[in-house]
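Trainee:
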Amino acid sequence: MSIKFNVNGFPYEVQPHDYAADITLNTFLREHLHLTATKYMCLEGGCGSCVCLTRRRHPITGEISSRATNSCLTLLNTCNDVDIITDEGLGNKSSGYHPIQKRLAKLNGTQCGYCSPGFVMNMYGLLESRGGRVTMAEVEDGFGGNICRCTGYRPILDAMKSFAVDSTIEVPAECVDIEDSFELLCPRTGQCCSGSCSRPSLPAQNNSHWYWPKTLVELFAALAQVPTGEEYILVAGNTAHGVYRRSRSLKHYVDVNMVPELKQHSIEPDHLLLGANLTLTETMQLFKQAEQRPGFEYCAQLWQHFNLIANVPVRSNGTLAGNISIKKQHPEFPSDVFITFEALDAHVLVHDNASSQRIMTLLSFLQDTTPKLVIGGFILRSYPKSKFLFNSYKILPRAQNVHAYVNSGFLIEWQNLQHRIVASARLCFGNIRPDYVHAEHVEQLLVGRDLYDSSTVAQVFEQLLISLQAVEMPPEASPEYRQKLACSLFYKFLLGSAPEELVRMRFHSGGKLLERPLSSGSQSFETIPNKYPVTKPVQKLEGLIQCSGEAIYINDLLTTSNAVHCAFVTAKRVGATIEQIDSAPALQCKGVVAFYGSKDIPGDNNFNNTTLFTVPGDVEEIFCAGRVLYYDQPLGVIAALTHDVAVYAASLVQVTYANDQVKIYTSMNAVLSAKVEDRLVVCTELNKELAQTPLRPGDVVGRGILELESQYHFTMEPQTTVVVPNEQGLQVWSATQWMDVTQASISRMLKLDANAVQLQVRRVGGAYGAKVTRGNQVACACALVAFKLNRPARFVQTIESMMESNGKRWACRSDYEFQASANGSIRMLTNNYYEDAGCSFNENVVEFLTLPTLKNVYNLTSLNFKVKGTAVKTDAPSSTWCRAPGTAEAIAMTETALENIAFACKLDPADVRLVNLRPGTKMVQLLPRFLASTTYRERREQINLFNAQNRWRKRGLGLALMDFPLTVNVALAYPATVAIYHADGSVVISHGGIEIGQGINTKVAQVAALVLGVPLERVRIETTNTILGANSFVTANSMASELVGIAVRKCCDKLNQRLEPVKRRLGSQASWQQVVEAAFNQSISLIATESFKKGDQSDYSIYGLSLTEVEVDILTGNHLISRVDILEDAGESISPNIDVGQIEGAFVMGLGYYLTEHLVYDRQTGRLLTNRTWNYHPPGAKDIPIDFRIELLQKSPNPVGFLRSKATGEPALCLAVGVLFALQHAIQAARQDAGLPREWVRLGAPTTPETVMLSAGHEVHSFTLQ
C-alpha cells in the first residue's frame, strides 16, 4: 500500500517500505520536502515549534476535521489521505502573507522567531477547527503547548486574540481582515486544491511492518500477523512517545485511525459510550453535549479537567485508549483520564477478537495480561445531581501542559435528598505511588456518615494521612508535599460542596481553585518624531519572514545528499577515568558512518579556546580524555546518515571505566556541607577588615540565607552547527553568539589557520548566554567529523543532551547578616556569597559581574558593607552566562536582605528602601513616583484586609529596585560595513553582531536610515560572517546593539562626509539616488568600514522598579500573578516596541527562574533528572502576569548613551525577584493564621507550589469546616 497525502496543495505518494518505520511527519517535511518553516526542538510535543495543520476524514461520518498537530510526534505512515498545511502554505512573500502572520509581526509578537511558525499554525488550527469563530478566552487557553522564551507571550496573545469574536485588541489598519483566509490556495494551480495533481513517488530506503486496517476484523487480522513475542503498537496520535520513548525493537505498527468501530460514541439516558479512538478533543466536545443531559452534568467538570491535559495539539491527536494504555504499561503515569474515569467507576469495553467483547472495570483492565487485547470504548454511567456529587482536581507546577503533582477524583452517592449522609464514596488519587488509586479505608469510613460532620471530617483526614503514604519518585515533588496536597484536595472538595452555613466565612474561598481571568497589558513610552525612524515603534525587520517560516536558521540550510548527522557519546561515571571506548556495537548499526574521540583530534582538545573577557582560559575538553568531570560529559561523537540513527547509535558505544569509587559533589550545597576546602576559591573580598558596628538602643539584628538554584537557558533553537568542507578549508554555520571564539576553537582543534575556517550566522533562534561558548563543543565536534570524513556534517543537539551536557546559570547562595536602626537604616550588612562554577572556573561571574552590582541602589559603603565572594567547583557541567548573569543574583541578594530588614523591623518594605537609597541617584526621585503611580500603599492596605478575611487564600505585594551597571569597557571590537548601491541608492549593512532576537538588525537599520537620511525600507542587513565581521566581540551583556550601532553610525558619517560635496554641487532638489549616482560616477567610494573601539561608549546604570501582586491558594501552593508594574529607565529608546518586548521577555524568564524551573539531579550519580519538557517547566502563556504594565521612563535621555538610549535585553530579569517578596507577604499572612511564631521564611529560586504550601505552616489536622 502506498501513502497518499497533500502538503500545501501538492499531492504526494510514498511507499512505506522506502522509509524508516518511525519516520515522523516533521522529518519528511524538513528533510524530504525541504519545508523548513516547521521547526523542531523537544521532539516530544512539548514546545510547539513543530506544529502544522492536518485535515483528516472521519471514518464514520466522512466529515473533514482540522486540527493543530505536532509533526514531531505524527508518524508519516499515519498520514494517508491527510491534508497537511505548513506555515509556508499560509502565506509568503511571493503569494502574500496571511493575516495571522501579519498581525503577529506587526504587534511585535516575534523576537528570535524560531517559535513563531508554530504559534501561527496553532492559531490557524484553532480558527479553522472552529469555523473562524473563537473567543479571547479560547485563544488564550489554546497555546499551552507553545513555548516562547523571548517575548513573555503578551504581544503574541494580543495578536492572536485580535481574531476573536469578542476581541478588544486594536488592530493596525494595514493588517487586513481574516475574511477568506481559511481558503488555502494550491501553490501550483492558484485554486483550492482538489487533489487532482499528479502524485510523484519519493525515493528512500528501509523495510518495516505497517498495517492499515479499515475495520475491526481487519485490525485483528493485522494483529494475527504479528509473531508471538514480538512487540507491536496500535498507532493513532502517537502522543505517548512524548512521555515514554518507543522501544527500538518495535517492528509492527498498526494504524487504527480509520477503524470506525473504535470511533463510535453515543449519549444514552443511562450511560455515555466513548469510542476508544476518540481524541481527547473529540471527547471534550461530547462532554459539552452530554452536560446538558440529566445525569451527565458532571461532564462539565470532566471538560475542565481534560482541558488541563497536555495541550491543544496533543489533545487533538491523542486518544482515550492511548492514554489508558500508557497507564497500563507504566503504573506510575499520573493519567488524568484514568483518575477521573476511575472515580466515576467507568468501565472498559475490550475485544479479545473481532467477534468477542467484554466489559471490565478500569482496574481489572490494567491488571489483565491477555495478549492483543483491543480497547473498544469506555462506558460512563449517569449520575443524577440529586443523588451524586462529583468533582476532580489537578494541581500543576505551572498553568498548562504539565503532568500533575497530584490529581484526584471524588464521587459521593447520597443516601437521601438532604445531601449529608453518604451511601457510597469513591476517592481516587494519582501520583501518590504507582500502586495507589483508592483511599479505601476512607471510602468505607464515609458510608452511613454525615460528610460534613466535624467528627467525620476529623476522622477522614486522620485516615487519609495513614492511607496516603507517598513514596520518593524523583524528580517528582517530595512525598510530604504530595501527601499533604492530596489531603488538601479532599478538604477543598468539602469546602466547595458543603452547605454555606456549615462553613466559616473565612474558609469559603478555600473551596475553589484559583480562576485566571483574561490577561491584558499596557505599554507606555516616548517617541520623538523629529528623530524618526529612531525612537519610532517600528516592526521588526525580519518579523514577517519569521512569522511565515521563511527566515532561515542553521538547521534549515540545505547541504548535499552525502551529509552526515552527529550525536555525542557521553560518560556515565563521574570521577572515574576513561579506560577504553568500544565503538564497534555502534558502528555495526545500519547507517552509522564513524566514531571519533579525543585521540582523533589533531590539535587542541579544547572548545573554549580563548583568554578574552572574563575567561581565565581553563581547558574544557571537546571529548573527555581522562577523568570524567560530570555526568553525560561528551567523550566522542557518532556520525550517521540520519539524526535518529546517530542519537541511537551513540547509546550503543560501550565505555570501560577505572577508579570510579570516588566521592562526587554534584551541587554547591554538597561541597559546603562537607566543607571541601580545595573546591572553594575566594574570588573577591570587600571591606574584609570592617569591624562589627556597636549596637545602639532600638537596633535590630538578623541573618538569613538565600539560595538560588541554576537555570537552563531553554533556547528554542537547539545548539546547532553545519559544516561543509570546501577547497580552502571549512565553511561553518553555527548558532553562536561569539564567532571569534568558535572560529578559534575549531581552527586550533584542527591545526588550521583561522582563515581556513569561515563562519556565517544569519540569525540565532534564542541564546540568553547559552551560545556564547557552550555551543562551541557542538561546533568543534561537527567540524571534526566534516574534516575527517571530508563530507558535510550537521549537529543538532537533542534537548536531553543539551540539558545534561551543557552548562547553565551559576547557582548562588548568600549567607547574610544585618544590623539596622529602628527605622530600617542599614548600619551593617555582611554578605558571604557562593556561586557554583561547575567543573571549571571559566566564565566566572563572582567578581566581574556579581560584585559590581551588589550595592544596587543603596547607600552601602566601606563603613557598613562587607562582602566575600567564593566560587565553588562541583561535579557538574561548567556553569556559563545566562541572561543577566551575576547581576540577577546580586540584586536578588541585596533586595532580599532589604526585605528581611523590613520584616525584622516590622516596617513597610518600601519605607526601608526609601531610607537606604544612595543619595544623588535617579532612584531617589523614581521610587516615590513609582509608589504613587502604582497606588502601592492603598493596595497594600487592601491586601492586608483581604488576607484577614480569607484563611486559605492570600495575597501579597512585592517591590524590587534595580541599578543594573552596563559595563562596556570590556568590549574589544564590533566591526561594521555599510555599502550604498549606486543603481538605486539602497543600503546594505554587514556587522559583527549576532541577531539573537534582541532586534539588533532593526535598531542598526534605524540608525543607518536616520544618519543617511534614507527610508528605513531601503536598508537591508546582510548575514554576519567572519570576513566583514572578523574578530567581532561577543553578542552579550545587552551591549551589542548599541556598540554595533556606534560602528554603523561611524560608517554612515564617513559616507555622508564623502557625499557632502556632491550634495552641495547638485543642490537641495537632488534626490538621494541622484546624489549616490553622481558620487559613483566620480569614483567616490560608497563603502565604509568602521568598528567600535574602547572609549567610544561610557559605562552607565539602568534603573528599574517592579511591583508584583500575587494571589495564593494556600491549600495547593498554586498562585496567580495578578498584576505587575515595571518602570524602566531606557533613555530615549531607539526602537520602543523592541525594548518593551525585551523587558517583558526578560521579566517572564525571571519568573521562570524564581517560580517554575526546577533542576533535579540524582545525588548519587550526578545525572540530571529534569532533562526535557516533560519535567522542566519554563513559563507558558498563562503563567505571565494577568495585568502586565510596562512603562519606559519618559524625558530621561541617557547623556552618555548611544543616541541617548539605554540597553534593555537583560536588566528586567533582575526585577522578577519581587515575586518572591509578594509570596513572602502572602505566606506570612497564612503563617499568622496557622498560629506560628513570626519568622522570616527562606524563599529562593525556584519557589515552587511545593515550597509555598509547605512554608505556609498549616497541618492537616487544621482542616475543619468551622
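Residue numbers (the UniProt record's numbering): 1 to 1266. The beta carbon of each residue, even a glycine, is placed where N, CA and C say it ideally should be.
1) Classify Y244: buried if its beta carbon has 16 or more other beta carbons within 10 angstroms, exposed otherwise.
2) By a C-beta neighbour count over all protein chains shown, 10 Å radius and 16 as the cutoff for buried, is D180 buried or exposed?
3) Starting from S356, trace the beta strand (DSSP E) both ways and give me its first and last residue.
4) Are N1001 and L557 close, meaning C-beta to C-beta below 8 Å?
5) Quick one: any contact between the segment 402-417 and the segment 425-436, if contact means 3 or more CB pairs under 8 Å?
6) Taking the runs of the beta strand (DSSP E) that are 3 residues or longer, which of them lie wholly in the segment 616-647?
7) With three or more beta-carbon pairs closer than 8 Å as the criterion, would you say the segment 1116-1136 touches the segment 987-997?
8) Could you work out which residue in V924, V1076, G838, L1066 is closest to G985 when comparing CA atoms only?
9) Short of 6 Å in beta carbon distance, which residues of its chain neighbour D604, apart from the five on each side in sequence? Order them along the chain.
10) Given this structure, state the Cα-to-Cα distance separating V134 from V314, to the nearest angstrom.
11) Please go through the same chain and pick out, in chain order, the residues whose beta-carbon is closer than 8 Å to the beta-carbon of H441, but skip the five residues on each side of it.
12) Using the beta-carbon count (16 or more within 10 Å), is N609 buried or exposed?
13) My output table needs one value for L1265: the three-state DSSP class, helix, strand or coil.
14) What does the alpha-carbon distance come out to for the pair G322 and T228?
15) Could you work out which residue in E140, A1079, D618, V447 is closest to N842 when comparing CA atoms only?
16) Just list the alpha helix (DSSP H) runs in the segment 1094-1174, keeping only unbroken ones of 4 residues or longer that don't cross its boundaries, in chain order.
17) Could you give the first and the last residue of the continuous beta strand (DSSP E) run that contains residue 1327?
18) Thinking just about the alpha-carbon of each residue, which of D1162, I326, G46 is nearest to the one in P434?
19) Assign N70 to one of two classes, buried (16 or more other C-beta atoms within 10 Å of its C-beta) or exposed (fewer than that).
20) Ordered along the chain, which non-local residues of its own chain (more than five positions away) have a Cβ less than 6 Å from that of A1130?
21) Expressed to the nearest angstrom, what Euclidean distance is found between the alpha-carbon atoms of F28 and A37?
22) Can you give the beta carbon distance from A876 to Y630, rounded, assuming they're within the 8 Å contact cut?
23) Strictly by DSSP, which residues pair up with R955?
24) For a test of the three-state rule: what should DSSP assign to L860, helix, strand or coil?
25) Got a sec, what are the start and stop residues for the beta strand (DSSP E) V460 sits in?
26) Under three-state DSSP, which class holds R315?
27) Would you list the one or two residues that DSSP bridges to G430?
28) At which residue ranges does the UniProt domain "2Fe-2S ferredoxin-type" (1-90) contain complete alpha helix (DSSP H) runs of 4 or more residues, listed in the order of the chain?
29) Which value, in whole angstroms, describes the spacing of the CA atoms of W1072 and G96?
30) Considering only residues of the same chain and omitting the five flanking positions on each side of A204, which have a CB-CB separation below 6 Å?
31) Within 10 Å of its beta-carbon, does L949 have 16 or more other beta-carbons around it, so buried, or fewer, so exposed?
32) Measuring CB to CB, does V778 end up less than 8 Å from Q797?
33) Looking only at its own chain, which residues have a Cβ that is under 7 Å from the Cβ of P533, when we skip the five neighbours before and after it?
34) Please give the ranges of any alpha helix (DSSP H) in the segment 489-551, keeping only runs that are unbroken, at least 4 residues long and fully inside the region.
35) Please name the residue, chosen from L73, W212, N26, I169, that lies closest to N80 on a Cα-to-Cα basis.
36) For M962, which three-state DSSP category applies?
Mentor: Answer, in terms of the structure:
1) As a working note, residue 244 is residue 244 in the sequence shown. Looking at its Cβ environment, which holds fewer than 16 other Cβ atoms inside 10 Å, Y244 is exposed.
2) Working through the sequence shown from its first residue, we reach residue 180 at position 180. Per-residue confidence for D180 stands at a pLDDT of 45, beneath the threshold of 50, marking its modelled position as unreliable; no derived number is given.
3) Within the sequence shown, numbered from 1, the residue matching residue 356 stands at position 356. Start and end: 356-361.
4) Along the sequence shown, read from residue 1 onward, the residue named residue 1001 stands at position 1001. Along the sequence shown, read from residue 1 onward, the residue named residue 557 stands at position 557. No, they are not a contact pair.
5) yes
6) 634-640
7) no
8) For the purposes of this step, residue 985 is taken as the residue at position 985 of the sequence shown. Among V924, V1076, G838, L1066, the Cα nearest to that of G985 belongs to V1076.
9) For the purposes of this step, residue 604 is identified with residue 604 of the sequence shown, where counting begins at 1. Only R748, M749 meet the Cβ criterion.
10) Translated into positions along the sequence shown, residue 134 becomes position 134. Translated into positions along the sequence shown, residue 314 becomes position 314. The alpha-carbon atoms of V134 and V314 are separated by roughly 19 Å.
11) Along the sequence shown, read from residue 1 onward, the residue named residue 441 stands at position 441. Answer for H441: Q463, I466, S467, listed in chain order.
12) For the purposes of this step, residue 609 is taken as the residue at position 609 of the sequence shown. Buried.
13) Position 1265 of the sequence shown holds residue 1265. Of the three classes helix, strand and coil, the one that applies to L1265 here is coil, per DSSP.
14) For the purposes of this step, residue 322 is identified with residue 322 of the sequence shown, where counting begins at 1. For the purposes of this step, residue 228 is identified with residue 228 of the sequence shown, where counting begins at 1. G322 and T228: Cα-Cα distance of roughly 22 Å.
15) Numbered from its first residue, the sequence shown carries residue 842 at position 842. When each option's Cα is compared against that of N842, the closest is D618.
16) 1136-1151
17) Since the first and last residues shown for the chain are 1 and 1266, residue 1327 lies out of range.
18) For the purposes of this step, residue 434 is taken as the residue at position 434 of the sequence shown. Nearest of D1162, I326, G46 to P434, Cα basis: I326.
19) The residue given as residue 70 occupies position 70 in the sequence shown. With 16 or more other Cβ atoms within 10 Å, it is buried.
20) As a working note, residue 1130 is residue 1130 in the sequence shown. Taken in chain order, the residues that qualify are D1139, L1192, K1206, T1208.
21) Taking the first residue of the sequence shown as position 1, residue 28 is located at position 28. Taking the first residue of the sequence shown as position 1, residue 37 is located at position 37. Each residue's Cα considered, the two are about 13 Å apart.
22) If you number the sequence shown from 1, residue 876 lands on position 876. If you number the sequence shown from 1, residue 630 lands on position 630. Confirmed, about 5 Å.
23) Residue 955 sits at position 955 when you count from the first residue of the sequence shown. E1111.
24) Reading the sequence shown from its first residue, position 860 is the one you call residue 860. Here L860 sits in coil by DSSP.
25) Translated into the one-based positions of the sequence shown, residue 460 becomes position 460. Counting along the chain, V460 falls outside any beta strand (DSSP E), though it belongs to the alpha helix (DSSP H) covering 454-467.
26) In the sequence shown, the residue the question calls residue 315 occupies position 315. In the structure shown, R315 sits in a helix (DSSP, three-state: H, G or I).
27) Along the sequence shown, one-based indexing puts residue 430 at 430. DSSP lists N407 as partners of G430.
28) 87-90
29) Here residue 1072 is taken as the residue at index 1072 of the sequence shown, counted from 1. Here residue 96 is taken as the residue at index 96 of the sequence shown, counted from 1. Taking the straight line from one Cα to the other gives about 30 Å.
30) For the purposes of this step, residue 204 is taken as residue 204 along the sequence shown, with counting starting at 1. Reliability fails at A204, whose pLDDT of 37 lies under 50, so the model's placement of it is uncertain and the value that follows must be treated cautiously. The residues are D18, Y19.
31) Position 949 of the sequence shown holds residue 949. According to the sequence provided, residue 949 is Gln. The question's Leu does not apply to it. Q949 comes out exposed.
32) As a first step, residue 778 must be located in the sequence shown, where it is residue number 778. As a first step, residue 797 must be located in the sequence shown, where it is residue number 797. Their beta carbons are under 8 Å apart, which means V778 touches Q797 by this criterion.
33) Walking along the sequence shown from the start, residue 533 turns up at place 533. Closer than 7 Å at the Cβ level, and outside the excluded window around P533, lie Q1006, A1009, L1010, L1016.
34) 543-547
35) Indexing the sequence shown from 1 puts residue 80 at position 80. Selected option, being the one with the closest Cα: W212.
36) Counted from its first residue, the sequence shown places residue 962 at position 962. If DSSP states are grouped into helix, strand and coil, M962 belongs with the strands.
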